Structures are given as structure tokens and as C-alpha cells.
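> For what it's worth, the working numbering labels the leading residue of the sequence shown as 418, then goes sequentially.
Note that CB positions come from ideal geometry on N, CA and C, so glycine has one too.
This structure is a prediction, so every number in the text was calculated from the model and none was measured.
What follows is a single structure, and I will ask about it in a moment.
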Amino acid sequence: METWQGSEALILSGAPDNDIAYVKEFLVEHPHVKIVCADAGLRHLQPLGVSPDLLVGDFDSGFEPSGTCEIIRLIPEKDDTDTMHALEVVMERGCQTVWIACATGGRLDHLLSNLSLCEYAAKHGCACYILDAQNLVQFMPAGQAVHVLGNTVYRYFSIIPLDKQLQGLRIEGAKYPVEHATVDRSQIYTVSNEVTGNAAIVQAESGSALVICSKDRKN
């Protein structure tokens, strides 16, 4: 198996995405990233004008791979999704930072499944980010601080509990700071906060969460 130790990977998932300008911008900023297509992620290659390093999937979506690129062909009857399998492959090859794009449009079950990959990757020592035209998502484990940078394209950041409750939540450097706060998953008030300086610091003593940086869509 080829080693990608020290490399970053971009996984193109198969969700429909009519606005992929953000992927083009990402590729300009990360010119050496490994590009991996998860099954129907093949649909995004031509608009992006790039060649993949790896194709992964059962290809039951009607998108059949071609060319000389490395292909990992899966069977349709499997326990994980094509995107999850692609994530596992790039982690096995040594990537410790993985970005997943074209993963939030379309079916809600696919969306939620893809968001869960941020937590799955963190448990295996890998930083995983979900990226689309308006959002950047990362996982925040209990006890670990996340720094949300200011002066970026994202105006807002939100904390979405994954466990039943976040306890001891601290938010510093933000328009709405909190200290030793409790947030229930059924009543989330930590939405649409804003960084006031160079960076905000978010940390919870117990409970994990998604940290979502976002911006409004332009008309």
C-alpha cells in the first residue's frame, strides 16, 4: 500500500453540489493535497479539472471509473459507506489531516453519516473537517480546546452538542462568552456566535460537540 505519511487528503463525496467554487479555492490553497473520490464523487472531477490520486467505491451509483488511476473497488453489501471507507484508507496510508467536500447536499441520512466521520477520525488520531460552500465543521472532544480563528470568510460559529449534555462549557474571545455553562442537546443556544479578536477558544469539561463555522449565502 502506498504511503501518504505527512500528506493531507481531500475526499470528494458523492452528494450533489452545484457550487464547487469553494473546492477550487481549497485546491489552490492546498496544491499538494491527495485527491480521493468516493464513488459518485467522480461527478465533481470534470468541473474541477483535476485528476484523482485514488478512487474508492462500489460504483453502484452509475458513475464508472476510467483511466489509469488507482481504484479500490468495494462490494455493494458492506458495513460502511464509500466515504467512510475512503477515510479509513487515507488514514491507513498515514494522512493525519483529512478534508471531506461535496458531502452535505442531498439525502439527510448521508449528511448525518458524513458529519459523524469527524468524530470517527478523531478517535483514530486524525483531524477531519467537513467543507462546503457555507460551512466548515470539526469535532470537539471533551476536555480539548478548539480555536476558532477570526478574520476569516466565516462570520459565525456554533457549538452543537453530540452528547446529551455539554457541561463546563467555556467560550472566550467571542461576542457571547460563557463560563462553566451547560448546554442540552434538546435546547441548543450556542448558535451564531462571533469571534471578536484573533481567535475564540471553545472547550467543554464533559460532552463532545461539533464546532461549525459558517457564513450566509450570497444572493
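Tell me whether the beta-carbon of residue 520 lies closer than 8 Å to the beta-carbon of residue 436.
Position 103 of the sequence shown, counted from the start, is the residue given in the question as residue 520. Position 19 of the sequence shown, counted from the start, is the residue given in the question as residue 436. Not closer than 8 Å, so no.
> What do you reckon, are the CB atoms on residue 515 and residue 486 nearer than 8 Å?
Counting from 1 along the sequence shown, the entry for residue 515 is found at position 98. Counting from 1 along the sequence shown, the entry for residue 486 is found at position 69. Contact flag unset, no.
> By how many angstroms is the C-alpha of residue 529 removed from the C-alpha of residue 522?
For this step, residue 522 is matched to residue 105 along the sequence shown. For this step, residue 529 is matched to residue 112 along the sequence shown. Distance between the alpha carbons of residue 522 and residue 529 is about 11 Å.
> Can you say whether residue 489 is buried or exposed, counting buried as having 16 or more other CB atoms within 10 angstroms of its CB?
Taking the first residue of the sequence shown as 1, we reach residue 489 at position 72. With fewer than 16 other Cβ atoms within 10 Å, it is exposed.
> Using the Cβ count rule (16 or more neighbours within 10 Å means buried), how would you classify residue 383?
The first residue shown for the chain is 418 and the last is 636, placing residue 383 beyond what the model contains.
> Given 8 Å as the limit, is there contact between the region 571-587 and the region 615-631, that is, 3 or more CB pairs closer than that?
Touching, per the Cβ criterion.
> Touch check for the region 554-567 and the region 424-443: three-plus C-beta pairs under 8 Å?
No, the region 554-567 is not in contact with the region 424-443.
> State buried or exposed for residue 534, treating a residue as buried only when at least 16 other CB atoms are found within 10 Å of its CB.
Within the sequence shown, the letter at position 117 stands for residue 534. The residue in question, residue 534, is buried, as its Cβ has 16 or more Cβ neighbours within 10 Å.
> Which same chain residues, not among the five before or five after residue 491, have their C-beta less than 8 Å away from its C-beta?
On the sequence shown, position 74 is the one that residue 491 refers to. The answer, listed in chain order, is 473, 474, 475, 499 and 502.
> Thinking C-beta only, is residue 601 closer than 8 Å to residue 582?
What you label residue 582 is simply residue 165 of the sequence shown in a count that begins at 1. What you label residue 601 is simply residue 184 of the sequence shown in a count that begins at 1. Contact: yes.
> Give me, in chain order, the residues of the same chain whose beta-carbon lies closer than 6 Å to that of residue 439; leave out the 5 immediate sequence neighbours on both sides.
Here residue 439 is taken as the residue at index 22 of the sequence shown, counted from 1. Taken in chain order, the residues that qualify are 550.
> For the candidate residues 471, 432 and 595, whose alpha-carbon lies nearest to that of residue 461?
The residue given as residue 461 occupies position 44 in the sequence shown. Residue 432 is the option with its Cα nearest to residue 461.
> In terms of alpha-carbon separation, which member of 531, 458, 545 and 537 lies closest to residue 426?
In the sequence shown, the residue the question calls residue 426 occupies position 9. That would be 545, whose Cα lies nearest to the Cα of residue 426.
> Which two residues bound the contiguous alpha helix (DSSP H) that contains residue 509?
As a first step, residue 509 must be located in the sequence shown, where it is residue number 92. Unbroken alpha helix (DSSP H) run through residue 509: 499-509.
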